Structure formats: C-alpha cells, structure tokens
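Working notes, structure below.
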Amino acid sequence: MSKIGFLTDSSSDIPQELADKYGIEVVGFPINLDGKEYLERKDFTNEEFYQMMRDAQGVPTTAAITQLQWCEIYARYVDEGYTDLVHLNINSTGSSTFANAQKAVEMLAEERPGHKLRIRVLDSHTYSMVFGWYLCECARKVRNGGELDACVDEMLHKLDCVEICLAAYSLKQMKKSGRVSAAAAVVGDLLGIRPIISLNDGVSKVEAKVRGDAAVTPAMIKWVQSRVDNMRDTPYMVGYSSSLARRDELAKLCKKAFGHAPMTFFQLGGVVSANTGPDAIAIAFEGKPRRLEAYEPQLP
Numbered sequence: 015m016s017k018i019g020f021l022t023d024s025s026s027d028i029p030q031e032l033a034d035k036y037g038i039e040v041v042g043f044p045i046n047l048d049g050k051e052y053l054e055r056k057d058f059t060n061e062e063f064y065q066m067m068r069d070a071q072g073v074p075t076t077a078a079i080t081q082l083q084w085c086e087i088y089a090r091y092v093d094e095g096y097t098d099l100v101h102l103n104i105n106s107t108g109s110s111t112f113a114n115a116q117k118a119v120e121m122l123a124e125e126r127p128g129h130k131l132r133i134r135v136l137d138s139h140t141y142s143m144v145f146g147w148y149l150c151e152c153a154r155k156v157r158n159g160g161e162l163d164a165c166v167d168e169m170l171h172k173l174d175c176v177e178i179c180l181a182a183y184s185l186k187q188m189k190k191s192g193r194v195s196a197a198a199a200v201v202g203d204l205l206g207i208r209p210i211i212s213l214n215d216g217v218s219k220v221e222a223k224v225r226g227d228a229a230v231t232p233a234m235i236k237w238v239q240s241r242v243d244n245m246r247d248t249p250y251m252v253g254y255s256s257s258l259a260r261r262d263e264l265a266k267l268c269k270k271a272f273g274h275a276p277m278t279f280f281q282l283g284g285v286v287s288a289n290t291g292p293d294a295i296a297i298a299f300e301g302k303p304r305r306l307e308a309y310e311p312q313l314p
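Okay, so the sequence shown: first residue is 15 according to our numbering, each after it adds one.
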C-alpha cells in the first residue's frame, strides 16, 4: 500500500493551515539580518519580518538548505515507511537548495542502503505560493484518490506555464539581489521610479519603469495582458507583502481589467521579501507553456 509524502521549503509561502490540511512538510530557510541568523516559519511572522527589514541597517541574506539537512529528512521518510515523496523546490537558478536536494538523494543511498522510497526532486522554476498553490492542489488531488504520477504531471505542466509580474515600492532589497543596479536604485528612489519586473522560467527581467506609485498597478496589468490572448479565461493570483490596501487596490483593478477576481491571495514570506523588500505586490498567472515541444501529442 502506498504512503505518499509531500515536501517543500519555506519559499513556497504555503500557509500552515493548508500545509496541515494536505499533509505537506515545509522546511524553513535560514535568513541572516544584521549579523543574526533566524529560521523562517519559526523565529518570526511575516509582519514581524517586514518590520525587521525596515529597522535593520543592512539587508537580509538567505542561505541554502544543505544536502545533509535534506538527507536527514529523506531518511526520516524512509524510516516512517513512506513509499513515495514529492519534493518541490525553490527555483534552482536562485538557490543551490534544489541541487543540494539532488545530492541528498545520492547520500540517502549510502545512509539507507536498499531503501524503497521513490523520491521526485522537482524544480519549481519560481517562488512563493506561485508554486506552493500548485503543490497544494497536487497533494489535495492525491489525498482524494488521484493517481500520483498523473497529479504530478499536471502540476509540472501548470508550473511550466506560470509567470509573475512584480513591483516593489522600495529598491533597497532589489539593489542587494542584483535585480536593479546600485546606481539605478539610488536614482530610482530619489525620483520615485518603480520597476515592473517579470519572472519567467526562473529568470527575472525589468520589463518597464514607471514614475510614481499610482502608475505601478496599471503598468503591471498592461504587461500581464500583453502576455496572454485573453485574461478573461486565465486564472491568476495576487501577491502582497505588508500593505493590505495595495493588495486590495491591485485586486480591484485586476478584476475590472480581467473580468474576474483572483483565485487566491498570497503573502510574500521571508525568503521572497528578503529580495523584494517589505512593500511589494505581484500578479501570478497561467501563461503559455515555455517548452511547447514537451506537450506535443505522442505519435502512435
């Protein structure tokens, strides 16, 4: 009889109530701020972390979850009699965590020779509930009797289509992450310039620059509409950090422009907001498959 586990890291931003509901283990990332190390989901809430960033002299840095940590977790699943483990990771181009998980599978063979645990180490190519949502959906369907391989394939197809449009209202963290240059960050903050940033297939890019906070959400909506044929038929989510007012305003404008409300809201946790800052909003949506050849019909 199958015993299936679901595993991810805290960059998924899955709310704990959903993780508990669908039996998903979420492993916290270590985050360093002003010389002190914290563990996400243990040492602070999202709101506390936003304030910590505002009060800090420096900017937060994150460290990867190590091979040894993953191996110890995998060994626990083996010891508890699991037959399958679906491990969905943070974007591999932004963290060595995914590569460490792959190495941990090799380590496990030495730690538990002959083990029967089937581990799927998967790259989300993205961040936050943008992949956490689809892992929850996969786990929900499996828990309700869905066939594991089919549910995982469906999840990977969705992740191969999902894109993000993000805007930050402070460039302090963006400068640290390299998404904008130091000079551009200084000038941008002085002039009130806000970059509109995309994330597609693990790669971020500044798509536009607008002046003033009021111009941010219309520019985001315009860019999203340029990426799909019809947003009226496209599911989307709205992400936010500290400001409920900005979240609600973005959702209101999206509903007006797209013709329907977001399927959910999600809050950016410590790992993601360490790079975006405490004042960010995002639209995540299902675009077109990036690797279309993967979905060509199979010939008989």
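All residues carry an ideal CB built from backbone N, CA and C; glycine is no exception.
Source: prediction; values computed, not measured.
Identified DSSP bridge partners for residue i
i	result
tyrosine 141	None, per the DSSP bridge assignment.
methionine 234	None; methionine 234 has no bridge partner.
glutamate 51	Asn46
serine 218	Leu213
asparagine 103	Asp137
cysteine 179	Ser212 and Ile297
lysine 223	Pro209
glutamine 281	Tyr254
threonine 76	Ile45
glutamate 161	In DSSP, glutamate 161 forms no bridge with anything.
glycine 19	Leu99
valine 40	Thr22
arginine 132	Asp98
Cβ neighbours of residue i in the same chain (closer than 6 Å, five flanking residues each side left out)
i	result
asparagine 60	Gln281 and Gly283
glycine 72	Asp48
glutamine 116	Val135
phenylalanine 279	Val252
isoleucine 104	Asp23, Ser25 and Thr111
threonine 75	Asn46
Status (buried if at least 16 other CB within 10 Å, exposed otherwise) for residue i
i	result
threonine 111	buried
threonine 107	exposed
leucine 258	exposed
glutamine 30	exposed
leucine 213	buried
alanine 70	exposed
alanine 77	exposed
methionine 143	buried
glutamate 11	Since the first and last residues shown for the chain are 15 and 314, residue 11 lies out of range.
proline 127	exposed
aspartate 34	exposed
aspartate 243	exposed
Residues near residue i in its chain [Cβ-Cβ closer than 7 Å; skip 5 each side]
i	result
leucine 102	Thr22, Leu136, Ser138, Phe145 and Leu149
arginine 260	Tyr254 and Ile295
cysteine 85	Ala118, Met121, Leu122 and Glu125
lysine 302	Cys175
isoleucine 79	Asp23, Val41, Phe43, Thr111 and Asn114
alanine 179	It should be noted that the sequence gives cysteine, not alanine, for residue 179. Closer than 7 Å at Cβ, skipping near neighbours: Ile210, Ser212, Met234, Trp237, Val238, Ala296 and Ile297.
glutamate 182	Per the sequence shown, the amino acid found at residue 182 is alanine instead of glutamate. So the qualifying residues of the chain are Met188, Thr290, Gly291, Asp293 and Ala294.
arginine 241	Glu177 and Gly301
Cβ shell of residue i (< 8 Å), same chain only, five flanking positions each side left out
i	result
isoleucine 38	Phe20, Leu21, Thr22, Ile28, Leu32, Leu149, Cys150 and Ala153
arginine 246	Phe272, Gly273 and His274
arginine 304	Asp174, Cys175, Asn214 and Asp215
phenylalanine 58	Tyr52, Met66 and Gly284
Contact under 8 Å by Cβ, residue i with residue j
i	j	result
threonine 248	glutamate 300	yes
aspartate 98	serine 16	yes
tyrosine 96	leucine 131	yes
alanine 265	valine 252	yes
asparagine 319	glutamine 81	The structure shown has nothing for residue 319, since the chain only spans 15 to 314.
arginine 55	proline 292	no
isoleucine 211	glutamate 221	yes
valine 156	isoleucine 18	yes
tyrosine 64	serine 256	yes
Residue i at chain D interface by Cβ criterion, 8 Å
i	result
lysine 219	Absent here is chain D; the protein component of the structure consists of one chain.
Check your understanding: Does the region 259-276 touch the region 228-240, meaning 3 or more C-beta pairs lie closer than 8 Å?
Key -> yes
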